[in-house]
Each structure stands twice: as structure tokens, then as C-alpha cells.
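Right, one structure below, let's go through it.
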Amino acid sequence: MSSAQVTDRVHYKGGTGLYLKLLIVLGALGTLAHIIFHITLAALDKPYGFDFANCSTNDNISRQIAVERLDGVPAINIIRLIVPDLAVLITAILVFVICYVLLKVPEGQDTELPTAVSRTRRKRTERFLHFFGTFLVLLFLAASGIIVPSILGAFYFLSFLYISTWWAFYNALGYKFAVYRFVVLVWSGLHLCVLHLYQFPFFQDLVDPKSLEARIIGLTGIIKTDCERTWYVDFHDASQWPWFVNPGILLLLYFTLAIESRQWLHRKFPMWTLPHLQKEDVILYPQIIPNCRMEFLMPFMAL
């Protein structure tokens, strides 16, 4: 087995492949939901959408799973409501096929193994990327904490103050910082989920976006539902630009934390992040995991 074949097996059948397969399944389910929903409405003896009056219980439930009646809806909004699921399905299939073709190494073909010079250059690049990644984490932590002052945002701001102060005194950001990154990663992911769910009419009815409680917690209502035209994307009159920017900054923070955490796991625990490696791969081709310390490899090689 060549090192190229090892790399092919490691990368293609790992998390990326599972992610693309999951996207294909979700895109297919969303597309089928639209097809089945509208065929069912058209096939019933009742008028189209009779049981799905605007803002009725059935209509609210169907809109939460991304399907709704389309009678009287302008063409541009029909495209907006239907095309995203189909686009996800087609894009995921195309990317999956492209990855399969690009990562499929012909039998017997070998790749050039890294030299001492290339490894040194790579280490310098990795050190720079690690520094730049930490800088981005601090930058997005500060931005997330001040863009919408609230209880949810205070966690980011206090984290920024503590980490930046610790870093300013030339203290190493080691294992504890890596663990804390995971905590912030989970927090920011849950924060994004809360903001997304709060755009549903049900949750905005429970907590008014203009109320003091919503402002203190950090619940920003951006989209509102008009029962006269539920298909229309309408915004609250009191919406301010920080409310629109906040989800974007949280997404940038989440992705930066995810990338940094993945790189840290790959450096420290390669057997976790490269689950498809086998014993003979590690023994014959140790160059495929050049950042791995031998003490992490020895238990695996002793199997």
C-alpha cells in the first residue's frame, strides 16, 4: 500500500465523507417533503390548502418544517421557498462526486513523502496559523461580546478579557485553553440555535422581542410573520443593524473555534482524528502524521 492510498483512505472516508452523505440525506428529505406536501394538497377533494389557513395550527406546524401552501405566492418567493432544499441536494451530490474523483488515487501511484526542509517549512507555517487562529478567536470573542450587550454576550466578553490578559503576560495557552475552546464552541453553537429558534412566531409570542426580558437575555427578533402573507420575509420595525450582524459574527466565531479545535486534536491525538489508520500504515508510513509524538503512537503500534 502506498502513502497516497493511505491518505486517500484517511481523508475520504472520514468526517468529510459522513458530512456530505448527511447533507445528501437532508437535502433529499427536504425535496421529498415539498413534493409529497404539494401533491397531497392537490390530490385532496378539498380546495388547495383548505386545511392550512394562514396562521392556523396546521399552517404554523408545516412552516416550521419548511413546507407551506403556494397559492397566491409570487414566483420569486416560490423559488425562495423551494429551491434551497434542491440546491443543497444537488450541491452535496456534486461535491461528493468531485471529492471521490479527486481523492481516488490510481493503484500503484505513490506520492512524494515530506523532506526535512518541507517539514521545517510546514512547522513554521503551522506556528503562524496557530498564532493567527488564536488572534481570530480573541477578535471574534470581543466582537460577539459587545455587538449585542446581554447575558448571553457577557460570556464572550468576559472570556475575551480573561484570555487576552493571560496571553498578554506571555503565559502559554496550552491544554486548559484548548479545553476552554470546546466550552466556548458549545456555548456559541447553542447561542446560534437559540437565536434561530427565537425567529419562530411561537417563541416570539412567548417572549416579546421588545420586552425587557428579551433585551437582557439577548433574544433579538429579526423576522416577524404577517398572517396576511406568511410567505413574505418581513422584519421587525425596531430591528437595528447589530441584530443582523450578531449571527454572522457568532458563525465566524463558531467556525474559527471548530477549525482551531480540530487542528489541536489532530496534533495531540492523531488516532482520534484519523480513525481509519491501521497499524501497518503507522509503521510503514509515519510521514502521514508528521506532527505526532512517538508517545502517542507507541500504544497504537503495540497492538
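Here the sequence shown is numbered in my numbering, starting from 7 and rising by one per residue. Here a beta-carbon is modelled for each residue, glycine too, at the ideal position from N, C-alpha and C.
Query	Result
DSSP-derived helix/strand/coil call for F241	strand
Distance, R69 Cα to D211 Cα	16 Å
Local Cβ density within 10 Å of R75, reported as buried at 16 or more and exposed below that	buried
CB-CB length for L144 against S170, believed under 8 Å	5 Å
Straight-line gap, G139 to R187 (C-alpha atoms, nearest Å)	12 Å
DSSP three-state assignment for K230, whether helix, strand or coil	strand
Residues of its chain near D240, where Cβ-Cβ distance is below 8 Å and the 5 sequence neighbours each way are ignored	I229, K230, T231, D232
Beta-carbon proximity check, L95 vs A39, cutoff 8 Å	no
Neighbour-count burial assignment, I157, 16 or more Cβ in a 10 Å radius	exposed
Cβ-based burial, A149 [other Cβ within 10 Å; buried from 16]	buried
Residues near A184 in its chain [Cβ-Cβ closer than 6 Å; skip 5 each side]	W270
Exposure of N64, with buried meaning 16 or more beta-carbon neighbours within 10 Å	exposed
Contact between the stretch 48 to 60 and the stretch 200 to 219 (3+ Cβ pairs under 8 Å)	no
Endpoints, the alpha helix (DSSP H) within which L35 is located	21 to 49
Selected residue, minimal CA-CA separation from L100, among F261, L26, I222	L26
A72 - DSSP class collapsed to helix/strand/coil	coil
Residue environment, L225, which counts as buried when at least 16 other CB atoms sit within 10 Å	buried
When G227, N83, L87, L263 are compared against A72, the one with the closest alpha-carbon	L87
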